[in-house]
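Residue numbers (our numbering): 437 to 679.
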């Protein structure tokens, strides 16, 4: 029929055109096509990787991290051991052991102002730092620390809920808290900095360092995020999850 004859004539034209190209420059044309495809694929992969790296460069809301004091090389730590003086609340220390599971802390928003899970924490943002194993928040108040007589730092609250003295601001230089950047944590309620100066406890937490609050910003209060689970943003998480 007519339509069939039309398709056959069209196929014949394409075949003759293909033969013409093949006789002249097929190899060169294929090389150019392959080169263009490779360049396109590489450009797409590079774009995807750059986007992924940019997401992973920051500490985000909901991330579970270990925090290293860069001056004394100890990680922020807590455990169900109470202070024998001061407030009698759960103690917070620094440990050299990088593998201790009691050194994981979750980054959360302040009370009544939750942050969206997976969003990058901004420099100057007020946060809570919640101990994973016990569910208590990093906390300080006007009690003296047991070894250095600075301000006591404890873990306080139940199931992640404490009070307004659980709130710290992240002090850093850029727009967001970068994972490989040293930052300071300044307490909102009392204006002290989370610090370590090297004093060591005896029994029952022998060798662990005192963590306390200091009124001045100095080399003893720099911290860097280390091992952990860094939450990435996604549309579903941004719609539903707040911390």
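Even for Gly, the Cβ is constructed at its ideal location relative to N, Cα and C.
These figures come from a predicted structure and were not determined experimentally.
Could you check if residue i is buried or exposed, using at least 16 other CB atoms within 10 Å of its CB as the buried criterion?
i	result
residue 492	exposed
residue 532	exposed
residue 588	buried
residue 451	Legend: pLDDT at residue 451 = 46, less than 50; position of this residue unreliable, value from coordinates given subsequently. So residue 451 ends up on the exposed side.
residue 549	exposed
residue 537	exposed
residue 661	buried
residue 526	buried
residue 539	buried
residue 560	exposed
residue 598	buried
residue 586	buried
Comparing alpha-carbon positions, which option in the options lies nearest residue i?
i	options	result
residue 601	662, 633, 646, 626	626
residue 654	513, 621, 646	621
residue 604	562, 665, 586, 540	562
residue 542	552, 535, 501	501
residue 669	596, 547, 557	557
residue 594	624, 516, 613	516
residue 504	615, 546, 597	615
residue 659	643, 665, 545, 633	633
residue 529	597, 508, 546	508
residue 643	510, 498, 499	510
residue 565	552, 663, 610, 596	596
If you draw a straight line from the C-alpha of residue i to the C-alpha of residue j, how long is it?
i	j	result
residue 568	residue 513	10 angstroms
residue 667	residue 496	6 angstroms
residue 638	residue 645	10 angstroms
residue 607	residue 575	17 angstroms
residue 590	residue 571	12 angstroms
residue 649	residue 630	5 angstroms
residue 640	residue 518	11 angstroms
residue 535	residue 494	22 angstroms
residue 651	residue 623	10 angstroms
residue 506	residue 618	8 angstroms
residue 592	residue 546	14 angstroms
residue 664	residue 498	11 angstroms
residue 628	residue 552	27 angstroms
Check whether the Cβ of residue i lies closer than 6 angstroms to any heavy atom of the ligand PLP, and answer yes or no.
i	result
residue 569	Ligands displayed in this structure: none; no statement on the ligand PLP is therefore possible.
Using a Cβ cut-off of 7 angstroms (strictly closer), state whether residue i contacts chain C.
i	result
residue 648	Although the question refers to chain C, the structure presented lacks it and comprises just one protein chain.
| request: Identify every run of the beta strand (DSSP E) within the segment 539-596, keeping only runs that are complete inside it and at least 3 residues long; order them along the chain. | output: 541-545, 562-567, 573-580, 587-592
| task | Specify whether the segment 575-583 and the segment 517-526 touch according to this definition: at least 3 beta carbon pairs, one from each stretch, less than 8 angstroms apart. | result | yes
| beta strand (DSSP E) runs wholly inside the segment 594-664, at least 3 long, in chain order | 604-607, 620-623, 629-636, 645-650
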